[in-house]
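*Asks:* Pasting in a structure now, in structure tokens, and then I'll have a few things to ask.
Residue numbers (the working numbering): 193 to 301.
Shown next as structure tokens:
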């Protein structure tokens, strides 16, 4: 767990973040999370930006079949999630987006 950790114990995800910023600085800016609870994990999350999630997924070479999909908030928010090893860190990529409203009955498809 995080007991007894010092800031230097987070060097792996922080170094990975530095590499990602250098290599993929042109991609959409994610929310970044590093926690002493999981000192080797770096989480990148994109809120209301599933195309941004896809851009990151492709850049990281993660196969589409390695992405899980679920719906939350009473069916209003879809969540895409995947994880991979990158530069020694456990990299978790999460995308959130609105669930498209159903087409009205009788409308053209």
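Idealized CB from N, CA, C, for every residue including glycine. Predicted, not measured: the structure shown is a model, and the values here were computed from it.
Per DSSP, which one or two residues make a beta bridge with residue 287?
*Replies:* Answer by DSSP bridge pairing, in chain order: 238, 272.
*Asks:* Do three or more CB pairs link the segment 215 to 223 to the segment 261 to 279 at distances below 8 Å?
*Replies:* Output reads no: the segment 261 to 279 does not touch the segment 215 to 223.
*Asks:* From this set, 228, 259, 232, 252, which residue's C-alpha is nearest residue 196's C-alpha?
*Replies:* Nearest of 228, 259, 232, 252 to residue 196, Cα basis: 228.
*Asks:* Could you tell me whether the Cβ atoms of residue 244 and residue 287 are closer together than 8 Å?
*Replies:* Result yes, Cβ atoms of residue 244 and residue 287 sit closer than 8 Å.
*Asks:* Does DSSP put residue 265 in a helix, a strand or coil?
*Replies:* DSSP places residue 265 outside both helix and strand once states are collapsed to three, so it counts as coil.
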